[in-house]
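Shown next, in structure tokens, is the structure this report addresses.
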Amino acid sequence: MEYMALLIFFGLMLAIAFVFVFVNTLLGPKSSEALQDYPYECGVPLYDKSAQSTFHQGYYLLGLLLLLFDIEAAFLFPWAVVYRYLGIFGFIEIFLFLLILTYGLLYAWRRGALNWQFEEESL
Amino acid sequence: MEGLVIWLIVTFVKILVILGIVLGVGAYLTLVERKVAAHIQRRPGPMVVGWHGLLQPLADGLKLLTKEDLFPRYGNRFLYNLALVLALVPATLVFAVIPFGPEFEVFGVKVKPILTDVNIGLLLVFALGSMAVFAIALAGWASNSKYALIGSMRKAGIVISYEVVITFAAMGPLILAGTLSTYHIVQSQIEQGLWYVWLQPIAFVVYMFAMLAETGRVPFDIQEAEAELVTGFTVEYGGMKFGLFPLVEWYIEVLSLSAIAVVLFLGGWSPINIPFLGFVDPLFFLGPLSPFIWFILKVSLLFLFVLWLHWTLPRYRIDQITETAWKVMLPLTLLNILLTAILAPILWR
Amino acid sequence: MVKRVFEKPLSWIERIIFLDFIRGLSITIRQAFRKTITTHYPYEKLTPPKRFRGFFGHKVVDGKEPQPAFDEWVERFKIKVEHGKSRCVVCMLCKRACPVPQLFEIEGEKLPDGRRRVSVFNMNMMLCTFCGFCVDACPVDCLFQSDIHETASYTRKDSVLDLEVLERIGRDWQRRREEEPDRIWIDDHQRQRLWHENHLQLPEVKQ
Amino acid sequence: MTTIPLEAYLIISVVLFGLGALGMIVRRNMVTVLMSMELALNAVNVLFVGADAHLNLVDGQVFAIFVVALASAEAAVGLGIIIAIFRLRKVDSTDEVVDMRG
Amino acid sequence: MPWAKEEEFISLKRRFEGLEVEEKSTITILHIPKARLLDLLKALKEEKGYKLFLDHSVVDFPDKRPRFQAFYILYNVDEKKRIVVKTWTDGTLPSMEKLWFASKWAERECYDMFGIRYEGHENLVRAFMWETYQHYPLRKDFPLEGYATDYLPSLNETLWGESLQGLMNYDRMHTPVPTLEDLEITEKRRLQKKAQIVLNWGPLHPGTHGTMWFLFDLEGERVFQCDVILGQLHRGVEKLAENEMYNQFLVYTDRMDYLSALCSNQAWVVAVERLLGIEDLVPEKAKYIRTMMAELQRINSHLLWLGTYALDLGALTIFLYAFKEREKLMDIIEGITGARLTISYTRVGGVRMDLPEGALEVIKAFVKRFPKELKEWETILSRNRIWLRRNIGVGVVEKEEVYFYGLTGPVARGSGVPYDLRKFEPYDAYGWVEFDIPIGENGDVYDRYLVRLEEMRQSLQIVEQCVRALEKMSKNAPFFAESPDPKKLKLPLDGIGLKVPEGETYSSGENPRGELGFYIYSTGGVKPYRVKIRPGSMYNLCVYPKLMKDRVIADAVAILASLDPVVGEIDR
Amino acid sequence: MIQWLVFLLFSALAVLSALGVVLLPNPIYVILALLSVLVSVAGIFFVAGAELVGALQLIIYAVAVTVFYVFVLTAVPWEKALKKDSHYRVEGLLSFPLVLLLYLEMLFVFLIGVSVSPKGQFREFIVKFGNTEVVGGILFSKYFLAFELVSLLLLIGMIGAVIIGRKEAQTYDNNTP
């Protein structure tokens, strides 16, 4: 039942967002200048039509780290909730868990994966 | 059947309140920001529209609404618009799990001032919060502008880095409270007579930094670093669409994350806390309204603090930001979790 | 002679308690509670100093011409002097001194009584650099620069000052500010707002 | 509270898995192949949770969590391999990789 | 004046056949045939210590054969001496790019303006004009108005039904402007694309401080190569100088480095005074006023730099604080000179007007308050951890690179080269006041920042001393030089009839952005024959592509702002 | 009743989006479709009462995994792939029935398993303590070995991905204009 409220709210927000998307088309003026729809290129002509394919970002490794640590977080959430009942056993469990993953973090650190666009650090 | 009707009425009232906060308060926070910035810079700020510029947000909104709808050449119109939806909807949905005060009774109906009190509330917050990445990535990609693309990639890099940090920072209070429901976290703080900030100073500082980073506030506002990227991923947006991105990022998200910070660390609607002794309420004369006032007060203080930082500090560079997240903040939070795990049983006893 | 510049690095304590942030924050918050310093243009405007080099004007004959230079030049060019009209003696020195002489268009006309008078004096402000060489060159203190600084116009035509406009500006100037002493500026409320924190007290105006 | 019968979950699961398998087979782009695999894994998850709802158990949910974890580890390594292949051979579709073997 | 003496080159004379030394009061010139030029310059650089490259250009004599006289101006920082090397050519010169990087840009400019071909130049493309432009504008046979080919219609007169007659009408033929296709050809020719994405950074970009066009070859956000396309603001100031009287050219110096117009004014009139030999005739009061105003302008310029630099690095509030103080300075300058930006206050022989009443009081009030404000900004910025991380180790210029790239001003001083013309070659009242040269150690962005802050303090000291000296002077002391012989030398305030005898000189002033030098070649008369301006900003900018290598875009703003270029001066 | 409606809504959305995943040519749209599938499946989990799994589905799958895909797409110039035909048509249709048959067989086994296994009593606990607590309790007691193994798996995954995804140091020429 609680989720129904969320669902209703979601639907409502969706409607409002769509209103915002189309409101300018309805209310705004329309003009057609030759270059007005050019993407911003600092006032010089546009040579490559598509900027989308030309951009290369090296930091997908950050995405990888996010993935792994999100899973870690996903296991930590239920653990945090039941930690009260697990006692010392729970502590050892999570200590091992964190230890293993911290090792992974340290490994990535050492290999320079944490560096932005991961330039190789001298090992 | 009658129960359903009452439930529906209550739900709609709650939704209206949240909408008011999101769109009304959000818009007026622009004025607050402009005034604060202006006075820090020895200017009066907006003064023309209304008394001391009180009608300025309305004028701005009206202006934005009547702008021409521009769309960049060679872009992708569907994704360009979808990005806006993806930015606005998850950011506002977060308000659904924020408790504004304790349960109270009106006309014989018990009302919890929280839209959906579920026992995975915090998980929802972080899940929805990181949905912003898609909006940003799509906005930059669909605009087909190099500047927008660089800006969106920067922002996405920051959000994914600090998403982990913020989740881990929130873990400390979670261990102490033993629940994922935002409402119960506050309640357990009140029962234990302790704001968790006293036990979690590291987590609180880290959380604040992560919050600034997620919302793109100074010192982490590199996604729209004016001097480098003009306005970053919103560079190709115009009119209300352009207005909504900062609204979502700088106001709605800051508000919701401040509220979560208040819930996690500052005891929600509880009055001033003396550690392990109890609560002192200088606002007792307001009676049942006092918890709500306290909540609003705490959130607005946090918001003003964010503004104050924004208009004082310079900004970091993208590599420094992400590296700080992984190399400083994440180990700190891991340490904090371990410390809390050791500390928590003592507290419970 | 030579001074090395350096700053101390941050100490660990400063790092941990964020002392650098706190120092900066304390300064900005102090500024926030001080008076604002801005002028609320266009609702209020500063009075430009007397030396301000704005739009041009022709001072008119009113008996205060620099003597004996004025009489000498009038005799040399046989100029008809009329009270309330431009002092210009059509010597063209302003045009010669100008880095962009094209902006001047000056013509004199011969009157029936044999004396001359300036008939056309156009200055195209779109070409002007407001350097003031023409003012320096004017031997009779006729051409001058007024304090008019809002010079935007809707047409190019409006940015050409002809004799009539120049004389009007000159008359206005002579009425308002001619008598003012040569002072760095006139203390007005708006300027005081900016200079307030310097505790500046300009000495009294000597009339 | 009406409960949803196991058959409903089964149908959804079958359809999702079928589509995922189809995607894995017909997709040319390696990244999209991996995405289809995620679809199939999700279908299994639906099955687990549906069975749990039917049996009043939670073990299935625990397994669903493990599946999620495994799936993301698989995605991490899989995408890493794709990027490595791309770096080395500058290709990103499945048949080109095969072509280059010979 | 610190020109090298003839004795010094006796040994060189033996080695280099055809080397002649010409020593005048205003200049010392080495004449050398083109064939030995490269060797001579190399010997000067490596043996004689003339390490700092100042300027290179040519003077065009259309009637002579060979037609072009090329000159190189070098400086010996350790012994504080300057030398000019000259040679004659008919269209080709050896390139000095191995000796000084800075000469590369100077050579490109020469190629652009005179059509001189440089042998061995790696990237000989036009510096300012677009690639499809046919003519060489600084040659004497190029008309001042240019070749008018395009019709520029009158824009609004038809709309309002009014028409203007004669010269006031805009409806006329005009020189061509580059079209989009021209720009594309220009970009393509400059660019050696290596990475996946080429980012147009500028010309219309808030981070470039003017209309500069950078092309970044990006890999992710890392810049692998940076190309600069200049000329967005090119107005041909040097050509104009040949067609204006000496005093009138003052107006154009305002518009070169528009942020420090007074310093440029001062440098120009000092150059002309030196050429005329009347530097000592200028009254003391005028010298003090000029010095004081120039130092106020220096603070003004550095304040704008500080504000925009902090703005670029995200500290928006400092911008407003700096502008608050700048506004006060503007008030002072406006009250004394009548203009805020294009000041034209100095004249050959003095200044335009005496100080008005109350000027000194206002300046004293400013000087008293300003250090406190400066301290506050330093507290916000200098030791802020974010500021430190953004600044330290970014854009490092080594000491040797200062000479190689011809850097001057705060950029050179930040790298530990105490090159300050106010000390080395005191002009106006700088010889009579006391101040220090701030120098940095590492040559990174942070050192340049500290150097500029310290320079503001030193400027304040100079202003204070000037105010004290001016207060002692009587109100009626002259502020304009009396000509010793009005028949021979006329010194008018309005610039009409100032005749300069035959001769040549190179004189420079310490601008806030580096050395602003004027090489004046006069053949007598009211107009110079050739004026070569040595823009500090341009040579400071030429190190930028090197500094940007392997840095990210976020550093681009920091490094660019720390070099503090002004496009008006670069493009002229 | 409402539950059925919501379930149908999410199922329909999931199936439609799954079709999108299989059929859409542009990888960006495929990712969006995948996101939609994942969110819908999370919705189905919520309907089934598996709150924790649903939320984790959102936080891991819908965010982390999909974001990772997005980042990989920025690192791979997939536009080249777009120019070609994005699907194998004939081979796919030929081999598809086989795969489906395999799955149906698996399903059959699973159904037998469900029919023979006893019904648990966890619903009462869930109502009493909440889904998260119960699942957490089971996860950290009954399946704790698997839990630790997952951490090892993640470690291996991270190391593998870091090694594989490492970028060779690139060299660029040093000439400036």
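Protein chains in written order, with this note's numbering: chain P, 91 to 213; chain C, 247 to 595; chain U, 7 to 213; chain D, 8 to 109; chain B, 475 to 1046; chain L, 6 to 182. For each residue, glycine too, the CB sits at the ideal point set by N, CA and C. Source: prediction; values computed, not measured.
Starting from residue i and walking both ways along the alpha helix (DSSP H), at which residues does that stretch end?
i, result
"B/K1006", "No alpha helix (DSSP H) contains B/K1006, which is instead part of the beta strand (DSSP E) from R1004 to R1008."
"B/Y592", "Looking at the DSSP string, B/Y592 is not in any alpha helix (DSSP H); the run it does join, the beta strand (DSSP E), is R591 to E593."
"B/R800", "L790 to T811"
Output the distance between the C-alpha atoms of residue i and residue j, rounded to the nearest integer angstrom.
i, j, result
"L/Y148", "L/I161", "20 Å"
"L/I65", "P/F165", "11 Å"
"B/L493", "B/H505", "6 Å"
"D/M31", "D/I89", "15 Å"
"L/A23", "D/L46", "7 Å"
"B/V558", "B/G812", "38 Å"
"D/I11", "L/W9", "7 Å"
"B/S889", "B/K873", "5 Å"
"C/F538", "C/F525", "15 Å"
"B/P617", "B/V756", "36 Å"
"P/F99", "C/A507", "23 Å"
"B/D624", "B/D656", "15 Å"
"B/Y901", "U/R93", "41 Å"
With a Cβ-Cβ cutoff of 7 Å, do residue i and residue j count as a contact?
i, j, result
"U/C148", "U/H64", "yes"
"B/I936", "B/V907", "yes"
"B/A576", "B/G880", "yes"
"B/V871", "B/V746", "no"
"D/G87", "L/I36", "no"
"B/I671", "B/T606", "no"
"B/S531", "U/C137", "no"
Is DSSP giving residue i helix, strand or coil here?
i, result
"P/P129", "coil"
"L/A166", "helix"
"B/R1025", "coil"
"P/V111", "helix"
"C/K281", "helix"
"U/V67", "coil"
"C/L548", "helix"
"B/V495", "strand"
"B/K949", "coil"
"U/I23", "coil"
I'd like the span of the beta strand (DSSP E) that includes residue i, first residue to last.
i, result
"P/F179", "Per DSSP, P/F179 belongs to no beta strand (DSSP E); it is in the alpha helix (DSSP H), I178 to R200."
"C/I406", "Unbroken run through C/I406 is the alpha helix (DSSP H), K392 to A423; no beta strand (DSSP E)."
"B/A544", "F542 to N550"
"B/W562", "K555 to T563"
What residues of chain A sit near residue i, judged by a beta carbon separation below 8 Å?
i, result
"B/R863", "In the structure shown, chain A cannot be found, because the protein chains are P, C, U, D, B and L."
Q. Taking the runs of the alpha helix (DSSP H) that are 4 residues or longer, which of them lie wholly in the segment 97 to 175 of chain U?
A. 99 to 103 and 139 to 143
Q: Run through the segment 858 to 931 of chain B for me and flag every whole alpha helix (DSSP H) of 4 or more residues, listed as ranges in chain order.
A: 859 to 865, 873 to 878, 883 to 888 and 895 to 898
**Q.** Segments of 3+ residues assigned as beta strand (DSSP E) that fall wholly inside the segment 655 to 719 of chain B
**A.** 671 to 675, 687 to 693 and 696 to 703
**Q.** Every unbroken alpha helix (DSSP H) inside the segment 314 to 386 of chain C [4 residues or more]
**A.** 323 to 339 and 367 to 376
**Q.** Uninterrupted beta strand (DSSP E) stretches inside the segment 496 to 531 of chain C (no shorter than 3 residues)
**A.** 518 to 520 and 524 to 526
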